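Student: Our numbering puts the sequence shown at residues 6 to 508.
Take this structure first; my questions come after.
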Amino acid sequence: DAILDQNGIQPDFSPEALAEAEASASRPIAEADLKDRLDLRALPVCTIDDAGAKDLDDAISVSRTEHGYRLGVHIADVSHYVREGGVLDREALSRGTSVYFADRVVPMLPKALSNGACSLNAGEDKLTFSALIELDEAGQILSYRFHKSVICSKVRGVYTEVNRLFDGTADAALRGKYAPVMDSLHAARELAGVLKTQFKKAGVVDLESTESEFTLDENGVCIDVHPRHSGEAEQMIEYLMITANRAAAMLAKKAKLPFVYRIHESPSPDRVQTLIQLVDAVGLNSKPLKKKGKVEPADFADILGQAAGTPVQKVISHQLLRTMAKARYDVNPVGHFGLALEDYCHFTSPIRRYPDTAIHRILSAALAAKEKQDLSDRYGKFAAEAAKRSSDAEVRAMTAERSAEDCYMAEYMTRHVGEAYDGVVSGVTQHGVFVELENTVEGFVPMESFPNSDYTFDGVLSQVDSRTGNRLTIGTPLHIRVASADVASGRIDFFYAGETESK
6 DAILDQNGIQ PDFSPEALAE AEASASRPIA EADLKDRLDL RALPVCTIDD
56 AGAKDLDDAI SVSRTEHGYR LGVHIADVSH YVREGGVLDR EALSRGTSVY
106 FADRVVPMLP KALSNGACSL NAGEDKLTFS ALIELDEAGQ ILSYRFHKSV
156 ICSKVRGVYT EVNRLFDGTA DAALRGKYAP VMDSLHAARE LAGVLKTQFK
206 KAGVVDLEST ESEFTLDENG VCIDVHPRHS GEAEQMIEYL MITANRAAAM
256 LAKKAKLPFV YRIHESPSPD RVQTLIQLVD AVGLNSKPLK KKGKVEPADF
306 ADILGQAAGT PVQKVISHQL LRTMAKARYD VNPVGHFGLA LEDYCHFTSP
356 IRRYPDTAIH RILSAALAAK EKQDLSDRYG KFAAEAAKRS SDAEVRAMTA
406 ERSAEDCYMA EYMTRHVGEA YDGVVSGVTQ HGVFVELENT VEGFVPMESF
456 PNSDYTFDGV LSQVDSRTGN RLTIGTPLHI RVASADVASG RIDFFYAGET
506 ESK
C-alpha cells in the first residue's frame with residue numbers, strides 16, 4: 006500500500022463508480038444491443054491468456070483463404086459499458102491503466118466489468134469490437150474493416166496448454182479441449198510465423214524479455230524469483246494483436262480521425278553514443294550505429310545478431326532497451342521505431358488500458374456517423390487529454406510495479422544472505438557496479454569490496470584498476486556473495502567474492 010500511495014495509485018473505486026459499473030454489468034444483452042452488430046457467434050473464436058487471468062479482453066479466429074489469411078481479432082466492447090463522461094469513465098481516465106503486482110491487481114475498471122460483463126469468458130455471448138483483416142501469404146495487409154460484433158468464445162485457452170499443443174506434448178484430454186478451435190489455432194500459428202519473418206526483414210529487434218516472475222507462499226512471502234518465459238503461444242498472440250493495432254491506426258490516419266496513437270521515437274544521439282562505447286568495449290562492431298542520419302531498427306538488429314550466443318548477449322539486449330526512447334501516447338502518428346511501423350496504436354486491451362477504450366469510442370463514433378462529419382470538435386480535446394494522461398499513468402504504474410518487484414526480490418534474497426552466486430555487471434557507477442544474477446535479481450557491489458585494487462570510474466561504462474589494468478564493464482562476469490537485503494527499500498547489496506571462492 007505504501008508503494009500505491011507513493012505513486013498516487015488509488016486501489017479503491019468511489020461508491021458512485023462502483024454503482025455505475027454494477028448497473029452496467031448487470032444489464033443483460035438485449036435485442037437492441039445486437040442491432041447493427043455482426044453476429045460472429047458461429048466462428049471458432051478462443052481466448053488465450055495466463056492461467057490466472059480473469060480480465061480476458063481479446064479473442065482470436067484465423068482461417069486460410071485463397072489469398073492467404075483471414076484474421077479476426079475480437080476485443081471486449083468496453084466503450085459500450087462505460088458511459089462517455091460518466092463517473093466511471095472519469096475514474097478510468099484518471100487511473101489510465103490496471104496495475105499488476107505478484108499478489109494482486111489494481112484494476113482500471115471495477116471487477117463487475119473487468120472480470121464479469123466485459124471479460125470474454127468461454128460459452129458466453131459477449132459484445133465485442135472486431136478487427137477483420139485479410140492478409141496475403143507474405144503477411145501483408147490486403148484489407149481491413151472494423152465492426153461492432155457479438156461472439157461466443159469456444160475455448161478459454163491457456164498459454165502453457167497451447168504451447169504443449171504446439172510442441173506435441175499435449176495429451177488426449179488437452180487435444181479434446183481445443184478440438185473446436187484447432188484449425189483456427191493452426192492457421193494462427195502459421196500466420197504468426199509469417200508475420201515474424203516479415204518483422205525480421207523490417208529489422209525489428211527481438212529483444213530478450215527482462216521480466217521477472219515471482220512465486221509467493223500462502224502468506225504472500227516471495228519464495229522464488231526467475232525470468233518470465235515467453236513461449237510460442239505468447240508470441241503468436243502478440244503478433245496477431247500488433248496486426249490489429251496497426252490496422253486500427255491505419256484506418257484512423259486514413260480517415261484523419263482525432264486519435265490516440267502509440268508512438269516510439271528514434272533514440273537520441275546521446276544514447277546511441279553511449280551504446281557505441283559499450284559495443285566497442287565488448288569487442289563488437291559498432292559501425293552500423295555510426296552512419297549518417299538516424300539509426301534504424303535494422304542497425305540495432307545487426308548489433309544484437311553479433312552478440313547472439315556470446316556472454317554479452319543479455320547485456321547488449323538490456324542496453325539496446327535502455328538506448329531506446331520510452332514509448333508513449335500521442336495524437337500525432339509519428340511512427341513506432343521498435344516495431345518499424347509507420348502507424349500504430351493500442352486497440353486490443355480496453356479492460357486494462359484507457360487509450361484503447363478511448364480509441365474504441367472514437368472508432369465507434371466514426372463507424373456510426375451517417376456522413377463523414379468532422380469528429381475533431383467532438384473528440385479532438387478528448388484524444389489529447391487521453392494521450393497525455395494515459396502516458397503519465399503508464400509511467401506511474403511501471404514505477405509502482407518495479408518498486409514492488411524490488412521489494413519481492415529483496416524479500417527473497419533475505420533468505421540467501423551469505424550465499425555465493427555468479428552474475429554479470431549490468432551497470433557501472435562511480436562508487437560501485439550493479440550485478441544481475443541468472444534469476445534476474447540485481448544488487449550493488451561497492452568498489453571497496455574488491456581487495457588489493459585501485460579502481461577508477463572512466464565516467465561512462467567502466468571501472469579500471471590502475472594496478473592490473475583489469476576492467477569492469479557492462480557484461481563482465483563476477484562472482485559475488487549476498488551481503489544484505491532490505492525489504493522496505495528493495496535494496497540488495499553484494500560483495501565481490503573473488504575467483505577462489507567460486508571453485
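Think of the CB as a built atom: it goes at the ideal place given N, C-alpha and C, for glycine as much as any other residue.
Remember, it's a predicted structure, so these values are computed and weren't measured experimentally.
1) Assign residue 157 to one of three DSSP states: helix, strand, or coil.
2) Let me check understanding here. Comparing Cα to Cα, which of 441, 433, 416 and 141 lies closest to residue 427?
3) Does the separation of the CB atoms of residue 430 and residue 480 fall below 8 Å?
4) Reducing DSSP to helix, strand and coil, say where residue 198 ends up.
5) Can you tell which of 412, 464, 470 and 443 has the C-alpha that lies nearest to the C-alpha of residue 456?
6) For residue 173, which of helix, strand or coil comes out of DSSP?
7) Determine the contact status of residue 83 and residue 355, defining contact as a CB-CB distance below 8 Å.
8) List the endpoints of the continuous beta strand (DSSP E) containing residue 335.
9) So within the stretch 298-369, which uninterrupted beta strand (DSSP E) runs reach at least 3 residues, ignoring any that extend past its ends?
10) Starting from residue 385, follow the alpha helix (DSSP H) in both directions and report where the run begins and ends.
11) State the start and end residues of the unbroken beta strand (DSSP E) segment that holds residue 438.
12) Identify whether residue 69 lies in helix, strand or coil by the three-state DSSP scheme.
13) Compare the C-alpha of residue 301 against each of 277, 489, 484 and 45 and name the closest.
14) Residue 170 to residue 162, Cα distance in whole Å?
15) Which residue from 473, 478 and 489 puts its Cα closest to that of residue 424?
16) Under a Cβ-count criterion, where at least 16 other Cβ atoms within 10 Å of its own Cβ denotes burial, should residue 20 be classed as buried or exposed?
17) Roughly how many angstroms lie between the CA atoms of residue 43 and residue 103, to the nearest whole one?
18) In the structure shown, what three-state DSSP assignment does residue 77 receive?
19) Do you know how far the Cα of residue 272 is from the Cα of residue 95?
20) Do residue 60 and residue 472 have their beta-carbon atoms positioned less than 8 Å apart in this structure?
21) For the candidate residues 99, 437 and 25, whose alpha-carbon lies nearest to that of residue 15?
22) Regarding residue 101 and the ligand HEM, is the C-beta to nearest heavy atom distance less than 7 Å?
23) Between residue 250 and the rest of its own chain, which residues show a CB-CB distance below 8 Å, the 5 nearest in sequence each way excluded?
24) Where does residue 185 sit, in a helix, a strand or coil, going by DSSP?
25) Apart from the five residues on each side of it in sequence, which residues of its chain come closer than 7 Å, Cβ to Cβ, to residue 401?
26) Ordered along the chain, which non-local residues of its own chain (more than five positions away) have a Cβ less than 7 Å from that of residue 254?
27) On the three-state DSSP scale, how would you describe residue 28?
28) From 72, 367, 155 and 173, pick the residue whose C-alpha is nearest to that of residue 146; which is it?
29) Look up residue 242 in the DSSP assignment and say whether it is helix, strand or coil.
30) Once DSSP output is grouped into helix, strand and coil, what is the label at residue 87?
31) Where does the unbroken beta strand (DSSP E) through residue 145 begin, and where does it stop?
32) Report back the beta-carbon spacing between residue 500 and residue 422 to the nearest angstrom; my notes put them in contact at under 8 Å.
33) Identify, in the order they occur along the chain, each residue of the same chain with its Cβ nearer than 7 Å to the Cβ of residue 238, setting aside the five sequence neighbours on each side.
34) Going by beta-carbon coordinates alone, are residue 148 and residue 68 separated by less than 8 Å?
35) Along the chain, where does the beta strand (DSSP E) that runs through residue 54 open and close?
36) Hey, out of 494, 295 and 502, whose CA is closest to residue 412's CA?
Tutor: So, from the listed chains and residues:
1) strand
2) 441
3) yes
4) helix
5) 470
6) coil
7) yes
8) 333-335
9) 333-335
10) 381-418
11) 437-442
12) strand
13) 277
14) 11 Å
15) 489
16) exposed
17) 29 Å
18) strand
19) 34 Å
20) no
21) 99
22) As far as ligands go, the structure on display features none, and thus does not contain the ligand HEM.
23) 267, 349, 350, 351, 352 and 353
24) helix
25) 12, 13 and 14
26) 266, 338, 348, 349 and 350
27) helix
28) 72
29) helix
30) coil
31) Here residue 145 belongs to no beta strand (DSSP E), and DSSP marks it neither H nor E.
32) Not quite, the Cβ-Cβ distance comes to about 11 Å (not below 8 Å), so this is no contact.
33) 53, 164, 167, 168 and 171
34) no
35) 51-54
36) 494
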